[in-house]
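I have placed the structure first, in the form of structure tokens, so that the comments after it can refer back to it.
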Amino acid sequence: AVWNTEQGWHDARITPRVPLQIDPATSVLHYAQEIFEGMKAYRTADGAMALFRPQENARRFNASARRMAMPEIPEALFLEAVRQVVATDADWFPGVPGGALYIRPFMFSSDVRLGVRPASEYRFLVIVSPVGNYFRGDPTAIKLWVSRNYVRAAPGGTGEAKCGGNYAGSLVAQAEAIERGCDQVVYLDAIERKWVEELGGMNLFFVMDDGTLVTPPLGGTILPGITRDSLITIARDEGLTVREERYGIDQWRADAASGRLVESFACGTAAVVTPVGEVRDGDSVFTIGSGGPGQLTQRLRQRLVDIQYGRAPDRHNWVESIG
Ligand code: PMP
45 AVWNTEQGWH DARITPRVPL QIDPATSVLH YAQEIFEGMK AYRTADGAMA LFRPQENARR
105 FNASARRMAM PEIPEALFLE AVRQVVATDA DWFPGVPGGA LYIRPFMFSS DVRLGVRPAS
165 EYRFLVIVSP VGNYFRGDPT AIKLWVSRNY VRAAPGGTGE AKCGGNYAGS LVAQAEAIER
225 GCDQVVYLDA IERKWVEELG GMNLFFVMDD GTLVTPPLGG TILPGITRDS LITIARDEGL
285 TVREERYGID QWRADAASGR LVESFACGTA AVVTPVGEVR DGDSVFTIGS GGPGQLTQRL
345 RQRLVDIQYG RAPDRHNWVE SIG
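This is the structure:
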């Protein structure tokens, strides 16, 4: 679909996927007004495709749009576009075990004009691609690299929005993590450089020895993950205590050493629930629990995927079947 100041959103249609032709002066290439969402459609036991909490993606997309001075898209148009693309592509999607159809809705400024101001024309597109598990050998535990040189987001910045620029700025840190033999970057807060915020593409949870869960609070610098929110609900449904509270990197190291912390896991649409085995901070390393997938981590992961694949009761109405 296309948006411009005269017509608003118009020209919504399904087309074969073809390369875009864009002018070298297209606004997004210079000023990076671009936002996106990441979601998955799962093939359920009855053969239908199912979306997981798609309204939440629509809402977060519009929150990102407001932050980037872009036009919001009516929730119904966002959802209809996602449903139609999935329905169109479902036939060739084989539904590999543990796999899903990844959905990428995105919007960018398409004005052909240089000048630092909000554009007057935008494009909204949805593309899909089949995906397996995000990490090879999932759910083996991943290794994290604590970034001391780079922050992901600062107060007043764009950390809460899902915009391409956030990821552009994170690639150098991710490359550093890979160089150190790790899978993902742990970002600390920009002010005190001590509070654990999130990973490059996942939110974090900490499991204490009394069974309580701790996750960093959303304070404007963390992406409000839909998986994070779902796991908070699933854990509370199970009678577990979940505290959204700040957790420091030094505390994490000390609690892992003393045994007060028994598990840690990362979560997101791509990663689902992925155990954290080891954390590298400069030349020091600490191990989480046994270094392998923890019990509660595996249980919560199973609870979540059972709902997503339609194998468990959907008591919160999270799953939408596409007929
Ligand atoms: N944090 C960041 C920085 C991310 O890119 C993602 C993936 N969208 C998440 C957290 C997890 O969000 P969600 O559970 O909605 O996929």
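Position 276 of the sequence shown, counted from 1, bears residue number 320 in the UniProt record's numbering, the numbering being contiguous throughout.
Built from N, CA and C at the ideal position, the CB exists for glycine as well.
Checklist entry - Since residue 25 is in the alpha helix (DSSP H), which residue starts that stretch and which ends it? => result Only positions 45 to 367 of the chain appear in the structure, and residue 25 is not among them; the question remains open.
Next on the checklist: Please report the straight-line C-alpha distance between Pro357 and Gly312, rounded to a whole angstrom.
Outcome noted: 21 Å
Next on the checklist: Within 8 Å, do at least three Cβ pairs link the segment 300-320 to the segment 242-256?
Outcome noted: yes
Item to check | Residue closest to Leu123, alpha-carbon to alpha-carbon, out of Asn106, Trp136, Met112 and Met114 | outcome: Asn106
Checklist entry - With respect to 7 Å, is the separation between the Cβ of Asn106 and the closest non-hydrogen atom of ligand 1 below this value? => result no
Next on the checklist: Is there a C-beta anywhere in chain B that falls below 8 Å from the one on Gln342?
Outcome noted: Protein chain content of the structure displayed is limited to a single chain, and chain B is not contained in it.
Next on the checklist: Measuring alpha carbon to alpha carbon, tell me which residue in Ala198, Ala113 and Ala205 is nearest Glu236.
Outcome noted: Ala198
Item to check | One or two residues paired with Phe80 in a DSSP bridge | outcome: Phe150
Item to check | Best match in Leu64, Ala217 and Val62 for proximity to Gly225 [C-alpha to C-alpha] | outcome: Ala217
Item to check | Candidates Pro162, Ser334, Ala298 and Arg272, of which the one nearest Val258 by Cα | outcome: Arg272
Item to check | beta strand (DSSP E) segment containing Asp325, residue limits | outcome: Val316 to Asp325
Item to check | Unbroken beta strand (DSSP E) run spanning Ile235, endpoints | outcome: Note, Ile235: premise wrong, no beta strand (DSSP E); not H, not E.
Item to check | Under 8 Å between C-beta atoms of Val323 and Leu232 | outcome: no
Next on the checklist: Here's the rule I'm using: 16 or more other beta-carbon atoms within 10 Å means buried, otherwise exposed. How should Ser173 be labelled?
Outcome noted: exposed
Item to check | Contact test: Thr202 Cβ vs ligand 1 heavy atom, cutoff 7 Å | outcome: no
Next on the checklist: Relative to the C-alpha of Asp135, which candidate in Met93, Thr341 and Arg167 has its C-alpha closest?
Outcome noted: Met93
Checklist entry - In the structure shown, what three-state DSSP assignment does Tyr291 receive? => result coil
Next on the checklist: For Leu344 and Val363, which I take to be in contact (beta-carbon distance under 8 Å), what is that distance rounded to the nearest angstrom?
Outcome noted: In fact, because the Cβ distance is near 17 Å, the residues do not count as touching under 8 Å.
Next on the checklist: Output needed for Leu95: all residues of its chain with C-beta closer than 6 Å, excluding positions within five of it in sequence on either side, in chain order.
Outcome noted: Ala85 and Glu364
Checklist entry - Counting pairs of Cβ atoms below 8 Å between the segment 71-83 and the segment 142-150, do you hit three or more? => result yes
Next on the checklist: Which of the three DSSP states is assigned to residue 456 in this structure?
Outcome noted: The chain is shown from 45 up to 367; residue 456 falls before or after that span and cannot be answered.
Checklist entry - Would you call the segment 46-63 and the segment 110-130 touching, i.e. three or more CB-CB distances under 8 Å? => result yes
Checklist entry - By Cβ distance, which residues of its chain are closer than 7 Å to Asp350, with the 5 residues on each side in sequence left out? => result Ala356
Checklist entry - Is Thr265 near ligand 1, judged by its Cβ being under 7 Å from some heavy atom? => result no
Item to check | For Tyr353, three-class secondary structure by DSSP | outcome: coil
Checklist entry - What do you reckon, are the CB atoms on Gly321 and Ile222 nearer than 8 Å? => result no
Checklist entry - Start and end of the alpha helix (DSSP H) containing Arg111? => result Pro98 to Arg111
Next on the checklist: Less than 8 Å between C-beta atoms, sequence neighbours within five positions excluded: which residues of the same chain meet that for Trp53?
Outcome noted: Ala45, Val46, Trp47, Pro115, Ile117, Pro118, Leu121 and Phe168
Checklist entry - For Ile117, does the three-state DSSP call read helix, strand or coil? => result coil
Next on the checklist: Given 7 Å as the limit, tell me if Cys311 has its C-beta closer than that to any heavy atom belonging to ligand 1.
Outcome noted: yes
Next on the checklist: Can you tell me whether Val62 is buried or exposed? The criterion is at least 16 other CB atoms within 10 Å of its CB, across all chains shown.
Outcome noted: exposed
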